[in-house]
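Okay, structure first, notes after.
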Amino acid sequence: MASEALPYELTGRRNQKARTRSALVAAARELLSHGTTPTVEEAAEAAAVSRTTAYRYFPNQRALVAAAYPEVDQDSLLPDDPPDDPVQRLDLLLAATNRIVRDWEMQLRAALRLSLEPGAEPTGPVLRRGRVIGWLADALEPLAATHPDVDRDRLAVAIRAATGIEAFVWLVDVARYPREEALELMRWNGRAILRAALDDGGP
């Protein structure tokens, strides 16, 4: 049986290839920060890398934007020794996720836009769903003991639907809220959904 091919950057001269890949990703992020969803060719030009070389790392725009997507690998965004109160825990998490939306808005918008293209898989690597749900599950963990009848998975999805980049784009672009007000409203949304679940058992 033939072995699976290694990615180009993992074959030979790894250090040099890692630098080249980093340069392409940095160029893509810089272009995204200015509101441009870069093609592979545009990132290559900005990084002073040949187009042929760039395509060895990123065969298409979706792969490039996926690489430029913000990576936060922590299992939890809560501080050390977080409070036990789920409302306080959720508020701390929403403050952290709001910072990600604010600091990475253009990258997140680009990923969202590509995920909505015809034929695109919305749960694919560009949007990378699921990370925030894990953070929400961590914030809501005390409910397992205090409110065992609440479906924490459905509650996490309900909060995510009202607090993510999708909600932010609607608030800013459609409702015309200033960015900081939109972020604060999303934070309020999350707290309100949690409090409603504590009162009536949740979704």
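With the first letter of the sequence shown counted as 1, position 65 gets the number 65 in the UniProt record's numbering; the numbers rise by one all the way through.
Cβ atoms here follow ideal geometry from the backbone N, Cα and C, with glycine treated the same way.
For residue j and residue i, believed in contact at Cβ under 8 Å, the rounded distance
{"i": "A139", "j": "L90", "result": "5 Å"}
{"i": "I133", "j": "A111", "result": "So it is not a contact: roughly 16 Å between Cβ atoms."}
{"i": "V150", "j": "G190", "result": "Not a contact, Cβ separation roughly 15 Å."}
{"i": "I193", "j": "A158", "result": "5 Å"}
{"i": "N98", "j": "L183", "result": "4 Å"}
Nearest to residue i (by Cα), restricted to the options the options
{"i": "D153", "options": "I165, W170, G164, W135", "result": "W135"}
{"i": "L108", "options": "P79, A68, A27, D85", "result": "A68"}
{"i": "R21", "options": "R51, E141, E105, T36", "result": "R51"}
{"i": "V65", "options": "L77, A162, P38, R160", "result": "P38"}
{"i": "R179", "options": "A196, V101, A26, R160", "result": "V101"}
Rounded straight-line distance, which links the Cα of residue j to that of residue i
{"i": "R29", "j": "E45", "result": "13 Å"}
{"i": "Q74", "j": "A96", "result": "12 Å"}
{"i": "L31", "j": "A167", "result": "24 Å"}
{"i": "V172", "j": "R14", "result": "42 Å"}
{"i": "L94", "j": "A162", "result": "11 Å"}
Backbone secondary structure at residue i - three-state DSSP
{"i": "residue 209", "result": "In the structure as shown, the chain starts at 1 and stops at 203, and residue 209 therefore has no counterpart that could be examined."}
{"i": "L194", "result": "helix"}
{"i": "D103", "result": "helix"}
{"i": "V126", "result": "Here the model assigns V126 a pLDDT of 47, short of 50, so the residue's position is not dependable, and the following value carries that caveat. Looking at V126 - three-state DSSP - the assignment turns out to be coil, as it is neither helix nor strand."}
{"i": "D85", "result": "coil"}
{"i": "R14", "result": "helix"}
{"i": "R176", "result": "coil"}
**Message:** For a minimum of 3 consecutive residues, which ranges assigned as the beta strand (DSSP E) are wholly contained in the UniProt domain "HTH tetR-type" (18-76)?
**Reply:** Within the UniProt domain "HTH tetR-type" (18-76), no beta strand (DSSP E) run of at least 3 residues lies entirely inside it.
**Prompt:** Enumerated in chain order, which unbroken segments of the alpha helix (DSSP H) with a length of 4 residues or greater are wholly contained in the region 143-173?
**Reply:** Runs found: 143-146, 152-163, 165-169.
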